[in-house]
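In what follows, a single structure is set out as structure tokens and then discussed.
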Amino acid sequence: MRPCLFFGYFGRTLQPTNGTLTRRLNNCATLPIETAFRHCGDRLACAVILLGSPVNSQPNLPVPKPSARSESAFIPNPLCLVAAPYLAKNQGRSRFLLIGDATQPVTEIEITPNLSSRYQIPRAADLPIVTPFRLKILHFNDLHGRISHLAPEGNIPVFSRLVSRYHQQQRKYANNPQAGVLLLSAGDDMVGTPFDALVSECNHAYDLYQTLGVDAAALGNHDLDLGTHALAKMIQRSGDFPVLSANLLPPAQLKKVVYPAALLDVKGVRVGIIGLTTSAQMKGSDARHLTFVDPVQVVKNLLPVLRPYCHVLIILSHLGYDLQSTSATVEDYGDRQLAEHLPSGAVDLIIGGHTHHILNETCLNQENIVNGIPIVQAGTLGRFLGEVTITLRDEQQPATVTNAKLSVTADLPVEPTFEQTQIAPIITSLHQKLNHPLGMVADHPDLETDAVLNDFASHESAFANFITAGMVAQAQKNGYEVDFALTDAAVLCAGLPPATLVYGDWFAVMPHADTLRLFQITGAQLWDLLQDNARRANRYGEAHLERGFVQFSGQIRYKIRLGENRVVAQATDIVVRGIPLKEQLAQTFTFVTHSFIRQPACHWEAKFTQKHLDIALFNLDVLPSKDTELLLREALITHIKTYGGVTKAGGVVRDGRLQIEFV
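Just so you know, the numbering used here puts the end of the sequence shown at 1260, numbered straight through with nothing missing.
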């Protein structure tokens, strides 16, 4: 339960004491009460901190220019500071959330009256702290729920090793007034590992973070894969663990659980945390309804009020390292571009994620300091734990990153108590789920892992035929009228041996949280899609990479003539539901596919388009679409159970629907 919010204005304005900020005291009327907040009274006083004088408390940060709008056009946009207590022992820390809209210029910070008067002091530099002060920040990113590595030889602890290092640092500085420790996640805390199977049972990352005392996490793109409703429920079940995203304009279901920024008080040192989320690779059921705002502008909206208020200001970013990164799609800005577009030294540190970069392994690398702002990132899946030290020499000097490095998680000791009490019960539940039998696997060469990883775009695939048959059947079973299905290689991560199939085997094939999505397409557009697909097929003498080649269900039969190069490749003899496509060009069809279709092909598409400006590749996003919110993996498990496994009866067969002529 969070405190209620108080907003308002009133008469008396106190004169600034330091020439930097003006503090006003207002009698504030409450906002309409929402269920997430506790009503504290009808009218109470709160402190409002406003940007005031043209003097700046931090070096290198330009003073915002006065608005050209008239005073009558001034639109107040406050952030309200409310307490967000830890459930774990806090080791001299206090935690607060900044509630409001950071996608517009922020005009003030309002302080709820139940907070200590020290938070009504508008300038961090005016707060007495013991210096020099060393702030130790432990950070990880892109854990994807991998709290343990489930190896054939047994469970190999991961998260409890991070916990051991965190506890060791806490013990080391517990009684030291000149040092403190934080633990932060830069997002993608869920989706992509077998632990996803348990998220509906309250066994997810945010639960563990809240139990441990992780200070905050950025919202990652994959954290949204299960949908905003499911995400909101998980955050609420965790006891409202702080999840940050300043550049997301949150839909109604996330407004009470995702916030633009947080404030951490570490033994008197104020640490501001701004969360940022990439808009790239969004594939959740309602991803198309999410609105993301320019992250540079959002940070600039926050700087005038947060920079003076904090001793240390950190961006917890899930944008990705650089626009040139190839490990994940980065849109508009990576962390390097973000730093380049901010005032020099405007923030003290960017802690990154999304692209799984391993930065600053032994020390801070000069290449990772951009425009005076150090950038750190710690790989993926808990393989590394990042450690940064920020030193404050005195109240008047800016905070400085004085050390940064990575620790290899496998080299860290296990925290036995945490492993036994928190992790072991989850592992037990997971093994029960993963070992649940689903049926048998047919003996077919297309089901082998080598075929899946090497030949998907080379010829008709019996495995793809099984998947498309299952998608059509399950869409129709759930009341959707579909004409055909299509899939690409991105949905498959492994093959299957001819043996008994258990849930864990199928999860290894499909570890991602794709949902079934419906598209409408005209016959003429389908013709263009098939011509486009012909250009994406594998060719002799060319390295295989993800070009977005799709395989269709049995309702579509056609040939591909590769020709001498990709430009002249074409689809011919196209038949849809037994009728030549040329006779159905005005017809509208509905097809089912999965939400991440063709996204990994974006790098190839960009290169091809640059080289062949006269050829427009087919973009599925231009088609009308609707998400079913049916999880692909679970829908196909229903199909598997119906046919006794991954079997010929269920669709594991080559029937000649696709013929590729290598001439």
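For every residue, glycine included, the Cβ atom is placed at its ideal position computed from N, Cα and C.
Just so we're clear, the structure is a prediction, and the values are computed from it rather than from any experiment.
query: Between the alpha carbons of L956 and T790, how many angstroms are there, rounded?; result: 23 Å
query: What is the DSSP secondary structure of K769, counted as helix, strand or coil?; result: helix
query: Report yes if the CB atom of G1242 is closer than 7 Å to the CB atom of L1098, and no otherwise.; result: yes
query: Any idea which residues DSSP pairs I948 with across the strands?; result: L913 and V973
query: Determine the contact status of V703 and L899, defining contact as a CB-CB distance below 7 Å.; result: yes
query: Are there 16 or more other CB atoms within 10 angstroms of the CB of F1259, so buried, or fewer, so exposed?; result: exposed
query: As an exercise, report each continuous beta strand (DSSP E) stretch of at least 3 residues that is fully enclosed by the stretch 794-881, in chain order.; result: 813-815, 858-863 and 866-874
query: Considering only residues of the same chain and omitting the five flanking positions on each side of T1065, which have a CB-CB separation below 8 Å?; result: F1081, A1082, L1083, T1084, Q1148, F1149, S1150, G1151 and G1248
query: Under 7 Å, Cβ to Cβ, is there at least one residue of chain D near A783?; result: Given the protein chain composition of this structure (a single chain), no chain D is represented.
query: Which stretch, first to last residue, makes up the alpha helix (DSSP H) that contains G1067?; result: A1059 to K1074
query: On the DSSP bridge assignment, give the partners of T1185 in chain order.; result: T1119
query: When you compare only the Cα positions, how much space is there between A943 and F756?; result: 33 Å
query: Can you give the beta carbon distance from I1024 to S745, rounded, assuming they're within the 8 Å contact cut?; result: 6 Å
query: Taking the CB atoms as reference points, tell me whether G931 and G917 lie closer together than 7 Å.; result: yes
query: Measuring straight from C-alpha to C-alpha, what distance separates Y1240 and D1224?; result: 26 Å
query: Of the residues P749, G979 and A1232, which one's Cα is nearest the Cα of D1111?; result: A1232
query: In angstroms with no decimal places, state the Cα-to-Cα distance between A1072 and L1182.; result: 24 Å
query: With distances taken between CB atoms, is the gap from H915 to A815 smaller than 7 Å?; result: yes
query: Count the CB pairs spanning the stretch 922-930 and the stretch 965-976 that are closer than 8 Å, and state whether there are at least three.; result: no
query: Per the contact definition of three or more C-beta pairs closer than 8 Å, is the stretch 685-700 in contact with the stretch 816-831?; result: no
query: Can you round the beta-carbon distance between L1003 and L982 to whole angstroms, since I take them to be within the 8 Å contact cut?; result: 7 Å
query: Could you give the DSSP three-state label for N965: helix, strand or coil?; result: helix
query: From the DSSP output, which residues share a beta bridge with K733?; result: V778 and T986
query: Just curious, the beta strand (DSSP E) that Y1077 is in, first and last residue?; result: Run containing Y1077: none; DSSP gives neither H nor E here.
query: Pick helix, strand or coil for I1257, following the three-state DSSP scheme.; result: strand
query: Output the distance between the C-alpha atoms of G863 and T986, rounded to the nearest integer angstrom.; result: Note that residue 863 is Val in the sequence shown, not Gly. About 14 Å.
query: Would you list the residues sitting across from L1035 in a DSSP beta bridge?; result: Paired residue(s): none; L1035 is not in a bridge.
query: Measuring alpha carbon to alpha carbon, tell me which of I708, R715, Q767 and P719 ends up nearest I734.; result: Q767
query: Starting from Y1155, trace the alpha helix (DSSP H) in both directions and tell me its first and last residue.; result: That residue, Y1155, is in no alpha helix (DSSP H); its beta strand (DSSP E) goes I1153 to R1158.
query: Would you identify the three-state DSSP class for D639, choosing helix, strand or coil?; result: For D639, the predicted model reports a pLDDT of 29, less than 50, meaning its position is unreliable and no value from the coordinates is stated.
query: Tell me, to the nearest whole angstrom, how far the beta carbon of E964 is from that of R1254; I am working on the premise that it is less than 8 Å.; result: Not a contact, Cβ separation roughly 50 Å.
query: Can you find the residues in the same chain that come closer than 8 Å, C-beta to C-beta, to L1159, ignoring five residues on each side of it along the sequence?; result: A1131, A1134, R1136, A1166, I1257, E1258, F1259 and V1260
query: What is the rounded straight-line gap between the Cα of P659 and the Cα of K897?; result: Residue placement at P659 is poorly supported in this model, since its pLDDT is 38, which falls under 50; the coordinates still yield a value, given next. Between P659 and K897, the C-alpha separation is close to 11 Å.
query: Please report how far the alpha carbon of H886 lies from the alpha carbon of G1120, in whole angstroms.; result: 27 Å
query: Around the Cβ of S713, are there at least 16 other Cβ atoms within 10 angstroms (buried) or fewer (exposed)?; result: exposed
query: Quick one: grab the DSSP three-state call for L887.; result: coil
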